[in-house]
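Input: a single structure, listed below in structure tokens.
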Amino acid sequence: MSLSIVCHWCLAYSGIMLTLAIVILTVLANVVIVVMALQRNPASATHRLLAALSVVTALWTVFNYLALIPNTAPETRLFWVRTVMFATAPYGTIILLLADAFPGPSTNYGRRVVWGLFGYNLITAVLAFSPWMFAQLINTSATNFTLRPGWAIVVYAIGFMGFMGVGFAKLIKKYRASMGLLKTQIWLFLIGLIVSFTLLTLTNFIAVVVFGSIQLTSLGPPFTLVFFVFVMYAIIKHKLLDVGALVVRAVTFTMLLLGVVGVEAGLVWSLTKILPEGIDSVQVAIGGAVAIVMGYDTLRSIFTKLTERVFFRGRYNTEGVLKQLTRVMAEEIEIETLWGRLQKILEREMKVTEIKLEWKVEGRERWGRERLVFDELGEGEQKEQLRQAEVRVVLPLITKDEVVGVITLGDKLSGEIYSVQDLELLEILAPQAAVAIKNAQSYHQIQEFNKTLEERVKERSHELMAAQERELQHTTDLLELKNEFVFMSSHDLATPVAAISGYMSLIRDSKDKLSKEMQNNLAAIGESVERLKSLVNDLLQIARGESGQLRVEMGAIEPAVLGDNVLRRVGVLAKARGVKLDIDLNVAGVKTVTSDGQKLMEILENLLTNAIRYRLSDAEGWVRVSAKKESDKLVITVEDNGFGISIKEQAKVFSKFFRSERREVREQPGTGLGLYVSQMLASALGGEISFRSEEGKGSVFNLSFPLEQKPRKGVK
Amino acid sequence: MVKILIIEDDPLMQRMYQKAFGFDGYTVVVAGDGVEGLEKIRSEQPTLVLLDVMMPKMNGLDVLTKIKADPELKKIPVIMLTNLAGSADAEKALLMGAVKYIVKSEQEPKAVVQMVKEILAGYTRDNVPTQ
């Protein structure tokens, strides 16, 4: 029922209700600082000293209040005043040490000095309860009194104002020497400290001791609130003590508590005034408490909103942002897209001007392996580099001890420094992003590698193709040269051959009578000329065929007529060799075929010449030429009972310049071009020559070619 | 009187055809190259021309082009003489207005004279067989 007790005080001494509220507020504020400081880093001297300072302040506030309660007996009052002096004895020392340590983890003073200082405080504290500090207290009215100080008050003054003064001086010196964030923190701390302690020294010490007035002492606690406000501001806006997030809740609850107390007190006070007599104040208090409990949630949300609006403008939900970032990192593998999306989210949520990622080898090691925050850096080369690059935060991305990239952030749009939340977010993001970037890099490398490989392969194939082309060109050139040579030779040979055979015919046709011997000689010349002619013609055909200039002249051919023509060409030879020649190319149902008559003639002449020439001398030779239709082809068969072709030689029959090793063949004139040219011509007609042969029995050659075909030219 | 102009650069061939046609009582005029041939066509106004394809100075095809471009000469029938069977030039000559081409090594002089005789007997450009 503490509330009810408080309210009895309120009712009885409504005049000092405000004082009480301030006392409670001050105590709470200091408790907040103690809790935050010790929770964050209990090992740090700054944190511990700040906590001690707040404890002393809270105690002093309470004792000071007790000493000022109206209508208190002088002895009791004196006791409380002495308690105040007792409790505040270490004030100066605490401030001196705090100033020395701030904002670091330890003081520069040695253990002896520290114990010496506290020893002095202990003496002062003991003296506080002796009559030598305050000999007597005289109540002048219900709310006022005077004190008679003794010599020991000087001891107290030295320990309080002297040490504090040295502390201030130290802080000022430190402030002037510091830079960046630290400077701001020291400045805020210093101002808070100087303003509040100067004021409370004036009101609660100088005024009391020198002017004998206690009227102003109630202002003491509000003055310490000045310090509280400055420290809080430094904590929230400038990361003092690194307690950021903790503050949110602390401030919210402090204000909530104050609000509850205030509302309850106001309610009870006003209700007891308005309500008729007979209603117990306790009941009113309970009613008020119930009302407050009912409205607690509403109040809390109002305060939460209020504090967030004041302290956390532009805040974001860390978890939500991280979730977004994580999703992007899971989705993207292409480094540019990945970073593009991360960048967008960071810029939007943290409201930062320029966020960059350096992931290439040349740039990523530039800032080292440590996270750098511009405002936390002391003046120096590194800070100057950051300033020049307009970078405020450097976040190296490290995975498996390798710096895979570095994220740099520019100014925040608000112009403020990076909050603890920002830095926490980045800290959590860094290792995840490092892995994601590393993966993307690997992917990128594989792609680059593929690209290079592809280029190399292309380059090589290109070179190879060029070499092949050169080789081919070379070969083609040689072939062309050869064909041109053959062509020109054939042409030049043709003229004299034509002249010889022409003149021979003139001799034959002349009216002059030739002797038998001359006629025989002439016939020999004639045969040689014929061979020469056919050799020239074969060479010419080969040259044309190999240079793709073989011309095919299609026309309607009657097989029977073809047979007659062939007979006319080889009849003489067959007769001379005593070979029985039987040619019958009539095919039932085939009146004409479409092909090149000249070429067919040439092929058949070759086949027949061979068949007639290569006969066994001891048998009666015969050659049969027949034709038949096989689907859309005409097959002309030349069959003989000559000595055939050995199996060994069968594969080479159609090769250029092939001649059998047989003595009989060697004895015969021939160039070995006949079958080669025949096969070439046959294929130019869309047909082919095949054969079967048995050595000593004879050969069968089949020429097959299409019955119908479209005229075509330039068959190779 | 039928006058044959033989334009042929090879003197042996020239003389051979001259003899063959001489036997049969034709008047024969010869020229040793294309340029001389063209001059002789104009000056001699032959009944028929035997024209070799491969010749120095001006080849047979060029001579043929000139003949066919001249309104006074283009009616004179031209027979091409060629060394090689199945050459593209011969076919081209037919398209350009020659009445026939003869592969020299394939036809005896007597046969050539016979062909000329046939051509002159029934000569109109349209019904002369090409081969």
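Protein chains in written order, with this note's numbering: chain U, -14 to 701; chain V, 399 to 529.
Idealized CB from N, CA, C, for every residue including glycine.
Computed from a prediction, not measured in an experiment: that's the story for all the values here.
Chain U beta carbons: is any one of them nearer than 8 angstroms to that of residue 457 of chain V? no
Compare the C-beta of residue 506 of chain V with all C-beta atoms of chain U and state if any pair is closer than 8 angstroms. At least one chain U Cβ lies under 8 angstroms of residue 506 of chain V.
Name the DSSP bridge partner or partners of residue 387 of chain U? U/384, per the DSSP bridge assignment.
In terms of alpha-carbon separation, which member of U/674, U/510, U/30 and U/649 lies closest to residue 94 of chain U? U/30
Enumerate, from N- to C-terminal direction, the unbroken alpha helix (DSSP H) stretches of 4 or more residues contained entirely within the region 471 to 500 of chain V. 486 to 493
What are the residues of the region 490 to 506 of chain U that lie near chain V, defined by any Cβ-Cβ distance shorter than 7 angstroms? 490, 491 and 494
Answer yes or no: does any C-beta atom of chain V fall closer than 8 angstroms to that of residue 525 of chain U? yes
Looking only at its own chain, which residues have a Cβ that is under 6 angstroms from the Cβ of residue 687 of chain U, when we skip the five neighbours before and after it? Excluding residues within five positions, the ones whose Cβ falls inside 6 angstroms are 620, 622 and 675.
Going along the chain, which residues of the region 443 to 454 of chain U sit with their C-beta nearer than 9 angstroms to a C-beta in chain V? none
Rounded C-alpha distance that separates residue 696 of chain U from residue 504 of chain V: Only weak support exists for where residue 696 of chain U lies, its pLDDT of 48 falling under 50; the value from the coordinates is given anyway. C-alpha separation (whole angstroms): 25 angstroms.
Using beta carbons (cut-off 8 angstroms, strictly below), is residue 513 of chain V in contact with chain U? no
Excluding sequence positions up to five away, which residues of its chain have a Cβ less than 8 angstroms from the Cβ of residue 47 of chain U? 8 and 12
For residue 32 of chain U, count neighbouring Cβ atoms within 10 angstroms of its own Cβ and tell me buried if that reaches 16, exposed if not. buried
Could you tell me the distance, in whole angstroms, from the CA atom of residue 469 of chain U to the CA atom of residue 529 of chain U? The straight-line gap from Cα to Cα measures roughly 9 angstroms.
At which residue ranges does the region 435 to 473 of chain V contain complete alpha helix (DSSP H) runs of 4 or more residues, listed in the order of the chain? For the region 435 to 473 of chain V, whole alpha helix (DSSP H) runs of length 4 or above, ordered along the chain, are 458 to 467.
From the DSSP output, in three-state form, read off residue 726 of chain U for me. Only positions -14 to 701 of chain U appear in the structure, and residue 726 of chain U is not among them; the question remains open.
In its own chain, which residues sit with a C-beta less than 8 angstroms from the C-beta of residue 552 of chain U, not counting the 5 before and 5 after it? 566 and 568
Taking residue 106 of chain U as the reference, which of U/41, U/60 and U/155 has the closest Cα? U/41
Any C-beta of chain U sitting closer than 8 angstroms to the C-beta of residue 429 of chain V? no
When Cβ atoms are compared, which residues of the region 460 to 476 of chain U fall closer than 9 angstroms to chain V? 472, 475 and 476
Tell me the DSSP secondary structure of residue 88 of chain U in three-state form. coil
So which residues on chain V does residue 484 of chain U lean against when the C-beta distance must stay under 8 angstroms? 408, 410, 411 and 414
Start-to-end residues for the beta strand (DSSP E) that takes in residue 419 of chain U: Premise fails: residue 419 of chain U lies in the alpha helix (DSSP H), 405 to 494, not in any beta strand (DSSP E).
Determine the DSSP secondary structure at residue 338 of chain U, reduced to helix, strand or coil. Coil at residue 338 of chain U, not helix or strand.
Using a Cβ-Cβ cutoff of less than 6 angstroms, which residues in the same chain neighbour residue 309 of chain U once the five nearest sequence positions on both sides are dropped? 330
Can you tell me which of U/167, U/135, U/180 and U/473 puts its alpha carbon nearest to the alpha carbon of residue 195 of chain U? Comparing Cα positions, the closest option is U/135.
From U/422, U/304 and U/313, pick the residue whose C-alpha is nearest to that of residue 406 of chain U; which is it? U/304
So with Cβ pairs under 8 angstroms, would you call residue 536 of chain U a contact of chain V? So yes, residue 536 of chain U belongs to the interface.
Beta-carbon proximity list for residue 427 of chain V, same chain, < 8 angstroms, skipping 5 on both sides: Only 401, 402, 403, 404, 438, 442 and 444 meet the Cβ criterion.
Any 3 or more C-beta pairs closer than 8 angstroms across the region 503 to 521 of chain U and the region 445 to 452 of chain V: no
Are the C-beta of residue 488 of chain U and some C-beta of chain V separated by less than 8 angstroms? Under the Cβ distance rule, residue 488 of chain U counts among the residues neighbouring chain V, one pair being separated by less than 8 angstroms.
Within the chosen definition, does the region 16 to 29 of chain U reach the region 62 to 76 of chain U through at least 3 CB pairs nearer than 8 angstroms? With fewer than three CB-CB distances shorter than 8 angstroms, the region 16 to 29 of chain U does not count as touching the region 62 to 76 of chain U.
Who pairs with residue 607 of chain U in a beta bridge, going by DSSP? U/565
Simplified DSSP assignment, three categories, for residue 347 of chain U: helix
Just the Cα atoms here: how many angstroms apart are residue 79 of chain U and residue 137 of chain U? 20 angstroms
Going straight from the alpha carbon of residue 162 of chain U to that of residue 364 of chain U, what length do you get? 10 angstroms
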